[in-house]
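Trainee: In our numbering, the protein residues as written are 1498 to 1745. Built from N, CA and C at the ideal position, the CB exists for glycine as well. Sharing a structure below in structure tokens format, with a few things to ask.
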């Protein structure tokens, strides 16, 4: 029997994580989770998990059946706790506040789709669930409309701000935003320098700009420095990314 695999995309990094049902409980593909959390050696990481926190799933692929490592919720939280990436806490909140509630509300786990279609009571339950979901989504769209309009106006605005000020505007710690921008290839440092500058593709996209300024050295001489600043469009993009995983 083919195992049903659900795919979810973590909005903050646009990375995919796959989930399967095992006895009514969600299990996560270990390598997907490790990729999001920045664990470079998944096998070494999972070796530290308890036996009841990990398992193996046989997955049908074009090249034949393959064994893939999976972890349960407890294993997932263990990996989150050992991750140093700023996105780890956001990822945990996204899983616990969005992914798992969605799975449990729609009743996907533990339900045979063909049996559901043949069972009038189950079918009515599914229709009611999705009707409630549509109503909730419509209400959320109406609630988010002012925010969307504000974001659209912000994207079309001019001006920019330093990363520290952008972090304050997003209600984040500057250290968290710097780490995120670096990991997502918005900004970087040239070897031997301390200033952050923007990647060319982000500059061309209008998300980042680089400004030059004069810095006075201890001997009184001046030197030209460059630093990255977040544009209004970039701030709107960041606000949308963090809003997608932190609001519930």
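Taking a contact to mean a Cβ-Cβ separation below 7 Å, would you say residue 1525 touches residue 1576 in this structure?
Mentor: No.
Trainee: Does the contact criterion of 3 or more C-beta pairs under 8 Å hold for the region 1585-1604 versus the region 1553-1562?
Mentor: Output reads no: the region 1553-1562 does not touch the region 1585-1604.
Trainee: Quick one: any contact between the region 1662-1673 and the region 1685-1701, if contact means 3 or more CB pairs under 8 Å?
Mentor: Flag = no, the region 1662-1673 and the region 1685-1701 do not touch.
Trainee: On the three-pair Cβ rule with 8 Å, is the region 1689-1702 touching the region 1710-1729?
Mentor: Counting Cβ pairs under 8 Å, three or more are found: they touch.
Trainee: Counting along the chain, where does the beta strand (DSSP E) carrying residue 1518 start and finish?
Mentor: Taken as a continuous stretch (DSSP letters only), the beta strand (DSSP E) holding residue 1518 covers 1512-1519.
Trainee: Entirely within the region 1671-1698 and at least 4 residues each: give me those alpha helix (DSSP H) ranges in chain order.
Mentor: If we require 4 residues or more, the alpha helix (DSSP H) runs fully inside the region 1671-1698 come out as 1671-1680.
Trainee: Measure the beta-carbon distance from residue 1449 to residue 1727 and round it to whole angstroms, keeping in mind my assumption that it falls under 8 Å.
Mentor: Missing from the structure shown is residue 1449; the chain here goes from 1498 to 1745 and no further.
Trainee: Once you ignore the five residues that flank residue 1695 on each side, which residues in its own chain have a CB closer than 6 Å to its CB?
Mentor: Answer for residue 1695: 1684, 1705, 1707, 1725, listed in chain order.
Trainee: Got a sec? Which residues, its chain only, sit under 7 Å from residue 1514 by beta carbon, not counting five neighbours each side?
Mentor: Counting only Cβ-Cβ distances below 7 Å, and skipping sequence neighbours, we find 1505, 1507, 1525, 1526, 1529, 1530, 1533.
Trainee: State the CB to CB distance for the pair residue 1739 and residue 1678, rounded to an integer number of angstroms; the pair is presumed to be in contact (CB under 8 Å).
Mentor: No, residue 1739 and residue 1678 are not in contact; Cβ-Cβ is about 12 Å, not under 8 Å.
Trainee: Measuring straight from C-alpha to C-alpha, what distance separates residue 1540 and residue 1711?
Mentor: Roughly 49 Å between the two C-alpha positions.
Trainee: Residue 1560: buried (16+ other C-beta within 10 angstroms of its C-beta) or exposed?
Mentor: By the neighbour-count rule (16 or more Cβ atoms within 10 Å), residue 1560 is not buried but exposed.
Trainee: Quick check on residue 1545: buried or exposed, where buried means 16 or more other Cβ atoms within 10 Å of its Cβ?
Mentor: Classification for residue 1545: exposed.
Trainee: When you compare each of 1663, 1502, 1662 to residue 1565 by their alpha carbons, which one comes out closest?
Mentor: Cα-wise, what sits closest to residue 1565 is 1502.
Trainee: Between residue 1663 and the rest of its own chain, which residues show a CB-CB distance below 6 Å, the 5 nearest in sequence each way excluded?
Mentor: The residues are 1727, 1732.
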